[in-house]
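Chains as they are written, first to last, in the working numbering: chain A, 1 to 121; chain B, 1001 to 1121; chain C, 2001 to 2121; chain D, 3001 to 3121.
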């Protein structure tokens, strides 16, 4: 959980409170962070995912549970997680990848994105 | 969560003359359920998944969280769910699919399995 | 291309010309082969895949070709191959997996199928 | 094969040799094309894919071909195509996505990339 990329630029410009959505002069000094709306949306979806996982856990208490019913529910949870991923990915591309040449960290951003896409479900 | 296949044999069907060839005595009477060991393993893994999801939720409370760190964690959760799926799938194939011709429900089992595999992440 | 599983039973019973679809007594001695209709369908689809690949090769001769257009075409080819895979997989499950307990090679069939599914795109 | 994005701008501005570092007016007029090295690499790989497909076609002429052997070969072809995709995707992100804010076509580039990633195998 403590996995941090270490790529977030340390020297945060104090006067750029929301640099991600305001890629103006000095934006390349900004801390790259997930925008608040996408962050809230991801939280909402992950709470639903947690509830869904709890539902599957209850299903599994039934000794008569049928394999395929479990498979369907796990697939549904994976679909919900994929939606989280896709939204975060889109926010990242929109807010940080398209501006990478301006900031001057294109190479790092590209390698990092390709790595993240490798595991795309 | 209430998704049930309706295919699970509720009671003991005494007269299934359609068994493909030589159904072992009583084999077609069996209720198809996830075997206890795989069920316990799936529960254990899903509890870990729930904990992981809660970790990502805590991550998302940080306004400075970096998109790619979220993507990595969601990928890890998806990997854990895939392991659950793979184990349940293997149990299903081993316990129910390879015996379908004996039981006489091969057609339903095949369609159901292909449907489940369609969504395989 | 010469990849063979070695699992095909060597001692083919000459008097069982289509053992895959006739899992009767002695069927576990039968050679497991892809049924003719699915085989013909796969050939037809793969010829179309080959033509599609040739189309992408021609696209790539254009120095002005746009990356995303190439990505779309490669995706389309992958979709076509997935259809081939799904059809062959379904034929395998229908003709060989559901009858494995009868033939007595369930363990090998299950491991082999799980291995094949691991790479399912 | 005639799928074109319509987004490629025909009128190439000759005086923009390095748009990435000089996001001057008119930079968004640049023709976005797949770089020659990646294009040559993709061609080489696709010729190998075509040969592999022909090998599977020959396999399918054998009435005794085993389903799982076909599945393995189709998987191998899909893996080779995925490598083509990944290389073209990386070139696109490196050459066109990270510079989108400079060119001023970020919105189109993001939507297009998300669409392409949706079908990522």
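Glycine residues also receive a C-beta, built at the ideal position from the N, C-alpha and C atoms.
Simplified DSSP state of residue 3060 of chain D, which is helix, strand or coil: coil
What ranges does the alpha helix (DSSP H) occupy inside the region 31-60 of chain A, keeping only unbroken runs of at least 4 residues that lie completely in it? 36-59
Got a sec? Which residues, its chain only, sit under 6 Å from residue 63 of chain A by beta carbon, not counting five neighbours each side? none
Would you decide whether residue 2116 of chain C is buried or exposed? Buried here means 16 or more other CB atoms lie within 10 Å of its CB. buried
Mind checking which residues open and close the alpha helix (DSSP H) that includes residue 2103 of chain C? 2100-2103
Could you pull the start and end residues of the alpha helix (DSSP H) that residue 96 of chain A belongs to? No alpha helix (DSSP H) holds residue 96 of chain A; DSSP gives it neither H nor E.
Alpha carbon to alpha carbon, how far is residue 3048 of chain D from residue 80 of chain A? 37 Å
Spell out whether any CB of chain A is found under 7 Å from the CB atom of residue 3080 of chain D. no
Which of the three DSSP states is assigned to residue 3120 of chain D in this structure? coil
Among A:114, A:56 and A:40, which has the Cα closest to the Cα of residue 1044 of chain B? A:56
Residues of the region 1064-1075 of chain B whose Cβ lies closer than 8 Å to any Cβ of chain A, in chain order: 1064, 1065, 1066, 1067, 1068, 1069, 1070, 1071, 1072, 1073, 1074 and 1075
Where residue 1025 of chain B falls, given that 16 or more other Cβ within 10 Å makes a residue buried: Residue confidence for residue 1025 of chain B is low, a pLDDT of 36 falling below 50, so the modelled location carries little weight; the figure read from the coordinates is stated next. It counts as exposed.
Can you check which of these residues, D:3119, D:3121 and D:3093, is closest to residue 3110 of chain D by C-alpha distance? D:3093
Cβ neighbour criterion (16 or more within 10 Å) applied to residue 3031 of chain D: exposed
If we count the other Cβ atoms within 10 Å of its Cβ and call it buried at 16 or more, is residue 2058 of chain C buried or exposed? exposed
If you measure from the beta carbon of residue 1083 of chain B to each beta carbon in chain C, is any gap under 7 Å? no
Cβ-Cβ distance between residue 2119 of chain C and residue 3085 of chain D below 7 Å: no
Between the beta-carbon of residue 3053 of chain D and the beta-carbon of residue 2039 of chain C, is there less than 7 Å? no
Are residue 3071 of chain D and residue 2070 of chain C close, meaning C-beta to C-beta below 7 Å? no
Is the shortest distance between the beta-carbon of residue 3045 of chain D and the beta-carbons of chain A less than 7 Å? no
State the DSSP-derived secondary structure class of residue 2088 of chain C, mapped to helix, strand or coil. helix
One question on the structure: do residue 1112 of chain B and residue 77 of chain A come within less than 7 Å of each other, judged by their Cβ atoms? no
Given residue 3042 of chain D, which residues of its chain have a CB within under 8 Å of its CB, disregarding the five upstream and five downstream residues? 3034, 3084, 3087 and 3088
Sequence-distant residues of its chain with Cβ nearer than 7 Å to residue 46 of chain A (five each side left out): 84
Check whether chain B comes within 7 Å of residue 108 of chain A, counting only Cβ atoms and requiring the distance to be less than that. no
Does DSSP put residue 65 of chain A in a helix, in a strand, or in coil? coil
So residue 3121 of chain D packs on residue 3082 of chain D, CB below 8 Å; how close in whole Å? 6 Å
List the whole-angstrom C-beta distance separating residue 1097 of chain B from residue 2097 of chain C, where the pair is believed to meet the contact cut-off of C-beta under 8 Å. 6 Å
Residue 3104 of chain D versus residue 2114 of chain C: straight-line alpha-carbon distance, rounded: 48 Å
Work out the CA separation of residue 3073 of chain D and residue 2073 of chain C for me, nearest whole Å. 21 Å
I'd like to know if residue 103 of chain A contacts chain D, where contact means its C-beta is closer than 7 Å to some C-beta of that chain. no
So residue 37 of chain A contacts chain D; which residues on that side make the cut at Cβ distance below 7 Å? Going along chain D, no residue has its Cβ under 7 Å from residue 37 of chain A, so there is no contact; the nearest lies around 15 Å.
Looking only at its chain, what residues have a beta carbon closer than 6 Å to the beta carbon of residue 1061 of chain B, apart from the 5 residues adjacent to it on each side? none
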